[in-house]
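Only one structure is covered here, and it is reproduced in the block below.
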Amino acid sequence: MNENELLKRINVLEYHQKLLIKLLNDPSLELYKLIIENGISEQEVGQFYSLCDKMNIKLEEQKAEGYVHFHPLFHELSSSLPPTLRIKEVINACLTQKVYLSLFQELLKYV
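Here the working numbering is used: position 11 in the sequence shown is 13, and no number is missing along the way.
Here you go:
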């Protein structure tokens, strides 16, 4: 293992440690559990939140335009997730943790 790989692993562990401390205070933070269990990095989580921000805006725009089916958003999220995460687990964890509620309530219909 080279130095860069070792530093990446240390960064992931430090990030997971921060999440674990939050979990001690609130065990219902399911998304954090999922992140830790699947070894997701802080950078990957940032990309996920950024994607959710964009999708949330798209959802609101599409609702305003009269859309009633949001299957393309479901597929976009599904294809953008890190390979270790499953879409159903992510949706359920986000709903439990109350993250992007309107978006994930809508996407839950397609699971």
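Built from N, CA and C at the ideal position, the CB exists for glycine as well.
- Under the Cβ criterion (8 Å, minimum of three pairs), the stretch 36-53 counts as touching the stretch 76-85.
- Pairwise C-beta distances place the stretch 7-18 in contact with the stretch 32-44, as three or more of them are shorter than 8 Å.
- With a 10 Å radius around the Cβ and a threshold of 16 neighbouring Cβ atoms, Ala95 comes out buried.
- Comparing C-alpha distances from Leu22 to each of Ile37, Leu79, Leu87 and Glu5 shows the shortest one belongs to Ile37.
- Per the C-alpha coordinates, the member of Leu75, Gly48 and Gln49 positioned closest to Leu61 is Leu75.
- Under the three-state reduction of DSSP, Tyr51 is assigned to helix.
- Annotation: the stretch 51-102 contains the following complete segments of the alpha helix (DSSP H) (minimum length 4 residues), in chain order: 73-82 and 89-99.
- For Leu31, the secondary structure class from DSSP, reduced to helix, strand or coil, is coil.
- DSSP, reduced to helix, strand and coil, places Ser43 outside both helices and strands of the structure shown, so it counts as coil.
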